[in-house]
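Below: one structure, written as structure tokens.
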Amino acid sequence: MRDETILVWGAGAVGGVVAGYLARAGHNVALVDTDPAHVRSIRRDGLSVTGPEGRFTARPEASLPSDVTGRFKTVILAVKADRTGMAARDLAPALAEDGAVVSFQNGLCEVELADVLGPKRVIGAFINFGADVVGPGQVAMGSRGSVVLGEIDGAIRPRTRTLLTIMQGFEPDARLSGNIWGYLWGKQAYSSVLKASGLSDRPMAEYLADPRWSGLNGALIRDVMAIARAQGIAVEGFDGFDPAAFETDSPEALSRAVLEIAAFWKKSAKTHSSTWRDLAVFRQRTDAAAQLGPVIAAGQRAGIPTSRLARLLDLIAEIEDGRSRQGDRMLERLGQVRP
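Just so we're aligned: the sequence shown equals residues 3 to 341 in the numbering used here.
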């Protein structure tokens, strides 16, 4: 048993940044990633982390999934949403019987994790900091953002308090919540407009500040919030996102609410969304469907219109498949959808 070692499964942008800061704070950290070049670089040269406070090199353990040994009480899962099930099954042998996986992912991944591992072995986490992979063994944190931890049943337990203490070595303002689902659904609403920015060829802040798309962005957020309400979820706000501001039908008020989100990203060194980077830089499929798919399914079960969200996924898929190119025309097509 490796009780004191934190296992970070997925050493990309989010996992790499978190692992680097936790290692610098004095924690024993072991990284797992499927990219052999990334793992080799970390083993050889350490993990280079560039953040708001400058650059540093951390030296966590690093291995491929097949090389992991021992069992761990704390596992931070930081893979893309579409790899959640596979990662959960792969890491299960390394998870202690009384251990827990903390989902540092975008999406409602806690649901799938609970199905695979059991709900008592899953802790929810909401994250909103910007991060990117720069190259093998190199990650960058573009901006600080909210980090919220919470049990998926709403309880606050000793293990959650212990986890908070650990995570404050990464984000000093990290906090606990008895409504982690409110944050996760809030992120789904918020990130719907970040995904839409991936249809364009412009930075997030520039896209969000463009008045041509304020109505579209407000509508996307309201669509997700309506589905959340149908689940009995009280959506939480964070980092310039105020759910109450999107309850209005006033175009001017919605525009101001979207501008608050733009202001947050204007301060970040992370200029483009992960969706944009997957499409424009890495030329790979996104995990947008894995994130928004469960939201759309929940809306359909509740009888709430989901045509705009479904169209967003369709347009992203067109770019993934090479049938369309990023640009404002894609946003215009999305804006033509009516519930």
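Virtual Cβ for every residue (Gly too), placed ideally from N, Cα, C. In this text, all values refer to a predicted model and were calculated from it rather than measured experimentally.
Residue i and residue j closer than 8 Å at C-beta
i, j, result
"G200", "W278", "yes"
"V1", "A80", "Examination of residue 1 is not possible in this model, given that the chain is present from 3 through 341 alone."
"G101", "R123", "yes"
"M143", "V51", "yes"
"I129", "W183", "no"
"L186", "L110", "yes"
"E262", "G188", "no"
"T162", "E153", "yes"
"R61", "G53", "no"
"R310", "D225", "yes"
"L218", "L336", "yes"
"F74", "V20", "no"
"S194", "L315", "no"
"G137", "I158", "no"
Inter-residue spacing [alpha-carbon to alpha-carbon] between residue i and residue j
i, j, result
"Q338", "D212", "17 Å"
"G139", "M227", "38 Å"
"G171", "I306", "41 Å"
"L210", "R146", "19 Å"
"L333", "A13", "32 Å"
"A312", "L294", "8 Å"
"G301", "A232", "8 Å"
"I223", "R303", "19 Å"
"A319", "G28", "42 Å"
"A198", "A246", "21 Å"
"V260", "M88", "36 Å"
"A292", "A25", "30 Å"
"A265", "F243", "10 Å"
"S202", "K82", "22 Å"
"I229", "P296", "11 Å"
"P341", "V31", "47 Å"
"F58", "P253", "45 Å"
"E249", "Y192", "14 Å"
"S326", "D37", "29 Å"
"P67", "Q286", "22 Å"
"S275", "D330", "16 Å"
"Q190", "A98", "30 Å"
"P121", "L115", "8 Å"
"A94", "T76", "12 Å"
"Y23", "G220", "35 Å"
"G156", "A271", "34 Å"
"G56", "E173", "15 Å"
"A39", "I298", "36 Å"
"N108", "A290", "9 Å"
"D69", "T308", "43 Å"
Extent of the continuous beta strand (DSSP E) run through residue i
i, result
"F266", "Premise fails: F266 lies in the alpha helix (DSSP H), 253 to 268, not in any beta strand (DSSP E)."
"N219", "It is not in any beta strand (DSSP E) - N219 instead sits in the alpha helix (DSSP H) that spans 216 to 232."
"E153", "149 to 153"
"A133", "132 to 137"
"G144", "140 to 145"
"A127", "124 to 129"
Continuous alpha helix (DSSP H) stretch holding residue i: start and end
i, result
"I8", "Run containing I8: none in the alpha helix (DSSP H); it sits in the beta strand (DSSP E), 7 to 11."
"V16", "15 to 26"
"D289", "Careful: D289 lies outside any alpha helix (DSSP H) and carries neither H nor E."
"S309", "309 to 322"
"V113", "111 to 119"
"D330", "330 to 337"
"D280", "276 to 282"
"V195", "182 to 199"
"T273", "Counting along the chain, T273 falls outside any alpha helix (DSSP H), and DSSP gives it neither H nor E."
Proximal residues to residue i (C-beta, below 7 Å), its chain only, five neighbours per side dropped
i, result
"A15", "A133, D134, V135, V141"
"T273", "P205, M206"
"W215", "Y209, L333"
"K269", "S145"
"A255", "A247"
"P160", "none"
Residues near residue i by beta carbon distance below 6 Å, same chain, minus five either side
i, result
"A64", "L33, V41, I44, R45"
"V104", "I78, I125, A127"
"S148", "N130, F240, D241"
"R258", "none"
"G17", "V10, A80"
"D35", "A13, V41"
Spatial neighbours of residue i in its chain, beta-carbon cut-off 8 Å, leaving aside the 5 residues before and after
i, result
"L166", "L151, A176, R177, L178"
"L281", "G200, T288, I318, I321, E322, Q328"
"R91", "V118"
"V113", "P296"
"I168", "I8, L24, H29, T76"
4-residue-minimum alpha helix (DSSP H) runs that sit fully inside the stretch 75 to 103, ordered along the chain: Contiguous alpha helix (DSSP H) elements confined to the stretch 75 to 103 occur at 86 to 93, taking only those with 4 or more residues.
Whole beta strand (DSSP E) runs in the stretch 29 to 82 with 3 or more residues, listed along the chain? Assignment of beta strand (DSSP E) within the stretch 29 to 82, counting only whole runs of 3 or more residues, yields 30 to 34, 49 to 53, 56 to 60, 63 to 65, 74 to 79 in chain order.
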